[in-house]
Amino acid sequence: MLQIANAPKTPAARLSGSLKINQQENSSVQPGQPAQLSFSFSDESGQPVSEFEPDHGKFMHSIIVSKDLSRFAHLHPTLGQDGTFRLNINAPTQDPDNQDAPRAVQQGGPHLVFSEVHPKGGATQRVSFPLPSDGTPPQQSLNPDLIGSGQVQRYFIGDGTTATEGAPYRVTLDLDDMRSMSKMSMVSFNFHLEAKDHNNEYQPVTDATDWLGMKGHAVVIGAAGEEPQDRFFNHLHMDHHGHGPAKEGDGDHSQGAGPDFPFMLHGQMPTDGQYKIWGQFKRGEQVLTFPFAFELTPESGRS
């Protein structure tokens, strides 16, 4: 049963969820065409769950990715009085926290939705959904920027599009695979951000502002698995160690505004294989997204 306020803590009942597209079950999205996604949840007995608590300023956090991980959107559906969450995608929005919505589903083929909600009196839970999109997906493979521990530098436009030298942002990712450590197995990431100044030179970013109460967010998703529930998924926050959904008050969120943004993943460890990480940071009114693909191997996990 769900945890009751002021009662002894008991394990929270697992939520299950349903996703409708334009109010229709078993429907699909037309790539690039406006659509409304509706999410509803129920407990283990099948009873609807309609009361939720905000987590990091939002009642629901949703990540939409294409199956091949080439597309990514970090979104926040709106909770209605009926307990249903709704989100308009592939359409213009004035919501600064849903900047990815206009380009959420732009290609055909299977997409995956990973959502986090906090039922009232319980704990934050993750529920995943398949999201079909009409058409044939492009044939793209995940090419790792890094294999095992190391450092890589890439150039980006702020929306996450990779570019060449001369682009607005230069980002360096440091990855340290410490999965074999006996006392504290972990994988650490550090994003070092640089932006071009008025002299057309790269300078360290030191003016990142809070987005959803944090200076930095990161999402890690595995490439293996046909269904979303089969994929490795973790939503990290700066100074939060990624062993489960972050809670308000976790970590020291007063971390500086750049240029380095560290994240640590431990507890639920990824196995050997290919993954992608998206780092997200806010400057001014824009949320910046910087993706990197990486591969973990038996050798990379040795101390």
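Read left to right, the sequence shown gives residues -11 to 291 (the numbering used here). Just so it is clear, CB atoms sit at the ideal spot from N, CA and C, and this is done for glycine as well.
_Contacts around T285, its chain only, beta-carbon distance under 8 Å, and the 5 residues preceding and following it disregarded_ = Here residue 285 is taken as the residue at index 297 of the sequence shown, counted from 1. Cβ neighbours of T285 beyond the five flanking positions: I135, G136 and D260.
*Whole angstroms is fine: what's the gap from D248's alpha carbon to M257's?*
The residue labelled residue 248 in the question sits at position 260 within the sequence shown. The residue labelled residue 257 in the question sits at position 269 within the sequence shown. Looking at the two C-alpha atoms, the distance is approximately 23 Å.
*Supposed contact pair L3 and V115 - C-beta distance, whole angstroms, cut 8 Å*: Mapped onto the sequence shown, residue 115 falls at position 127. Mapped onto the sequence shown, residue 3 falls at position 15. Going by Cβ atoms, the distance from V115 to L3 rounds to 6 Å, so yes, they are a contact pair.
*Answer yes if the segment 266 to 273 comes into contact with the segment 181 to 201, meaning at least three C-beta pairs across the two stretches below 8 Å, and no otherwise.*
These segments touch.
_Residues of its chain near F278, where Cβ-Cβ distance is below 6 Å and the 5 sequence neighbours each way are ignored_ = Within the sequence shown, residue 278 is the residue found at index 290, counting from 1. Listed in chain order, the non-local C-beta contacts of F278 below 6 Å within the same chain comprise F144, V159 and G267, local neighbours out to five positions each way being set aside.
*Spatial neighbours of F117 within its chain, please: CB distance less than 6 Å, with the 5 preceding and 5 following residues excluded, ordered by chain position.*
The sequence position of residue 117 within the sequence shown is 129, counting from 1. Cβ-Cβ distances below 6 Å link F117 to L7 and V101 in the same chain, with the five nearest sequence neighbours on each side left out; the list follows chain order.
_Only counting the same chain, and skipping five residues up and downstream in sequence, which positions put a Cβ closer than 7 Å to that of A155?_
As a first step, residue 155 is located in the sequence shown; it is residue number 167 there, counting from the start. These residues qualify, in order along the chain: Y143, F144 and I145.
*Given that a residue counts as buried once 16 or more other Cβ atoms are within 10 Å of its Cβ, and exposed if not, what is S129?*
For the purposes of this step, residue 129 is taken as the residue at position 141 of the sequence shown. Counting Cβ neighbours within 10 Å, S129 comes out exposed, since fewer than 16 surround it.
*Report the three-state DSSP secondary structure of Q12 (helix, strand or coil).*
On the sequence shown, position 24 is the one that residue 12 refers to. Looking at Q12 - three-state DSSP - the assignment turns out to be strand.
*asked:* Just to confirm, is the Cβ distance from T81 to R74 under 7 Å?
replied: Here residue 81 is taken as the residue at index 93 of the sequence shown, counted from 1. Here residue 74 is taken as the residue at index 86 of the sequence shown, counted from 1. Remark: C-beta atoms of T81 and R74 do not approach each other more closely than 7 Å.
_Just verifying my parser: in three-state terms, what is the DSSP assignment at D133?_
For the purposes of this step, residue 133 is taken as the residue at position 145 of the sequence shown. Correct three-state label for D133: coil.
*Secondary structure of A89, DSSP reduced to three states*: Taking the first residue of the sequence shown as 1, we reach residue 89 at position 101. Of the three classes helix, strand and coil, the one that applies to A89 here is helix, per DSSP.
*Could I get the ranges of all uninterrupted beta strand (DSSP E) runs contained in the segment 27 to 62, with 3 residues as the minimum, in chain order?*
Listed in chain order, the complete beta strand (DSSP E) runs (minimum 3 residues) inside the segment 27 to 62 are 48 to 54.
*Going straight from the alpha carbon of N222 to that of V208, what length do you get?*
Here residue 222 refers to the residue found at position 234 of the sequence shown. Here residue 208 refers to the residue found at position 220 of the sequence shown. Straight-line measurement puts the Cα of V208 at about 5 Å from the Cα of N222.
*Which one of N76, V37 and G201 has the shortest CA to CA distance from A245?*
Walking along the sequence shown from the start, residue 245 turns up at place 257. When only C-alpha atoms are compared, the closest one is G201.
*Can you name the start and end residues of the beta strand (DSSP E) that M166 belongs to?*
The sequence position of residue 166 within the sequence shown is 178, counting from 1. From DSSP, the beta strand (DSSP E) with M166 extends over Y157 to M166.
*Do P19 and V105 come within 7 Å of each other at the CB atom, strictly closer than that value?*
By one-based count along the sequence shown, residue 105 stands at place 117. By one-based count along the sequence shown, residue 19 stands at place 31. Contact: no.
*8 Å contact criterion, which Q95 and S50 should meet: CB distance rounded*: As a working note, residue 95 is residue 107 in the sequence shown. As a working note, residue 50 is residue 62 in the sequence shown. About 18 Å; that fails the 8 Å criterion.
*For P132 versus A281, is the C-beta spacing smaller than 7 Å?*
Here residue 132 refers to the residue found at position 144 of the sequence shown. Here residue 281 refers to the residue found at position 293 of the sequence shown. The Cβ atoms of P132 and A281 lie closer than 7 Å to each other.
*Helix, strand or coil for D248 per DSSP?*
For this step, residue 248 is matched to residue 260 along the sequence shown. Here D248 carries a strand assignment [DSSP, helix/strand/coil].
_Residues near P216 in its chain [Cβ-Cβ closer than 7 Å; skip 5 each side]_ = Numbered from its first residue, the sequence shown carries residue 216 at position 228. L100, V101, F102, S116, F117 and P118, listed in sequence order.
*With I77 and A23 assumed to form a contact (beta carbons below 8 Å), what rounded beta-carbon distance in angstroms separates them?*
What you label residue 77 is simply residue 89 of the sequence shown in a count that begins at 1. What you label residue 23 is simply residue 35 of the sequence shown in a count that begins at 1. 6 Å between Cβ atoms; contact.
*Might you give, ordered along the chain, the residues of its own chain that have their beta carbon closer than 6 Å to the beta carbon of D85, omitting 5 neighbours on each side?*
Numbered from 1 along the sequence shown, position 97 holds the residue referred to as residue 85. Exclusion of the five residues before and after D85 leaves H64 as the residues of its chain whose Cβ lies within less than 6 Å of its Cβ.
_Rounded Cβ spacing between L276 and Y157 (contact assumed at less than 8 Å)_ = In the sequence shown, counting from the first residue as 1, residue 276 sits at position 288. In the sequence shown, counting from the first residue as 1, residue 157 sits at position 169. Confirmed, Cβ separation roughly 7 Å.
_For L163 and G204, which I take to be in contact (beta-carbon distance under 8 Å), what is that distance rounded to the nearest angstrom?_
Counted from its first residue, the sequence shown places residue 163 at position 175. Counted from its first residue, the sequence shown places residue 204 at position 216. Between G204 and L163 the Cβ distance is about 16 Å, and since that is not below 8 Å, they are no contact.
_Neighbour-count burial assignment, M172, 16 or more Cβ in a 10 Å radius_ = Counting from 1 along the sequence shown, the entry for residue 172 is found at position 184. M172 comes out exposed.
*Going by the CB atoms, is the gap between Q262 and E287 shorter than 7 Å?*
As a working mapping, residue 287 is identified with position 299 in the sequence shown. As a working mapping, residue 262 is identified with position 274 in the sequence shown. Against a cut-off of 7 Å, the Cβ pair of Q262 and E287 comes out as no contact.
*Tell me where the beta strand (DSSP E) around R2 begins and ends.*
The residue given as residue 2 occupies position 14 in the sequence shown. It is not in any beta strand (DSSP E) - R2 carries neither H nor E in the DSSP assignment.
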